[in-house]
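Quick note, the sequence shown lines up with residues 3 to 193 if you use our numbering. Ideal placement from N, C-alpha and C gives every residue a C-beta, glycine not left out. Data first, discussion second: the structure below is written as structure tokens.
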Amino acid sequence: MASFLLALVLIVAFIALVIFLALRPSKPAFYLQDLQLRRPISLGDPSLTASAQVTLASRNPNDHVGVFYKRLDVFVTYRDEPITVPVSLPPIYQGHRDVSVWSPVLAAESVPVAGYVADAMKQDVAMGFVSLQVKVDGRVKWKVGSWVSGSYHLFVSCPAVLTAGGGQPAGGKATVTSLKFTQPTACSVEV
3 MASFLLALVL IVAFIALVIF LALRPSKPAF YLQDLQLRRP ISLGDPSLTA
53 SAQVTLASRN PNDHVGVFYK RLDVFVTYRD EPITVPVSLP PIYQGHRDVS
103 VWSPVLAAES VPVAGYVADA MKQDVAMGFV SLQVKVDGRV KWKVGSWVSG
153 SYHLFVSCPA VLTAGGGQPA GGKATVTSLK FTQPTACSVE V
């Protein structure tokens, strides 16, 4: 009887291991495809005003596991300081091997920033480039058949290097008249 129970437990454990290895979800891949300024960045002392539209794509690499994006907030940082207000994306379901694309508009209207941040951005503009981070903070769930997992924290960080032109400081205020996104980039994803 004891050997029968041991064999049964080993068979169930083996089946659970095979199912886990076959269905183990991989984290989604995110890409920053574009960042377009809708209004030039204006730097005051110490505040920032800008409006940009970002285009983010997410790809579910799983063959048998779907992804529920329950809450996604997108914002931009410069030197680890938020410079736009977070924008919430609508919740969606992403099927097996599907790709989803979002294009939210991120705005900053006289956002107070630390003095060193405003000074650093003025220097970056004068040097001809600005390095930003587009970040996504949210919650995801995995779906296999009719089973849905618990909620997991998702954090995405996408580097956005912009080349600048026409950013001449005048009277303590700098206005960047043209910033161009250099190239699409892969993002780091933590689940």
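| Asked | Found |
| --- | --- |
| Let me check one thing: in DSSP terms, what residues is Y71 bridge-paired to? | I94 and V142 |
| Can Q38 and Y71 be called in contact, C-beta distance under 8 Å? | no |
| Looking only at its own chain, which residues have a Cβ that is under 6 Å from the Cβ of S1, when we skip the five neighbours before and after it? | The shown model of the chain, from 3 to 193, leaves out residue 1, and the question about it has no answer. |
| Taking C-alpha atoms, which residue in T165, E192, P186 and S159 lies nearest to D82? | S159 |
| Counting Cβ pairs closer than 8 Å, one from the stretch 73-82 and one from the stretch 108-127, do we hit at least three? | yes |
| Assign L202 to buried or exposed, taking buried as 16 or more other Cβ atoms, counted over all protein chains shown, within 10 Å of its Cβ. | Only positions 3 to 193 of the chain appear in the structure, and residue 202 is not among them; the question remains open. |
| Whose C-beta lies closer than 6 Å to the C-beta of C60 among residues of the same chain, with five residues either side of it excluded? | In the sequence on display, residue 60 carries Ser and not Cys. Answer for S60: P30, F32 and S102, listed in chain order. |
| For F6, is the classification buried or exposed, using 16 other Cβ atoms within 10 angstroms of its Cβ as the cut-off for buried? | exposed |
| Cα separation between A172 and L164? | Interpretation of A172 is limited by its pLDDT of 48, a score under 50 that renders its predicted location unreliable; no figure is taken from the coordinates. |
| Have a look at the DSSP bridge pairing and note the partners of T79. | P84 and Q135 |
| Under 8 Å Cβ to Cβ from R99, same chain only, skipping five residues before and after it: list those, please. | R61, N62, P63, N64 and D65 |
| For A109 and Q135, which I take to be in contact (beta-carbon distance under 8 Å), what is that distance rounded to the nearest angstrom? | With 8 Å as the limit, A109 and Q135 do not qualify as a contact, their Cβ atoms being about 17 Å apart. |
| The alpha helix (DSSP H) with Q125 in it runs from where to where? | G117 to M129 |
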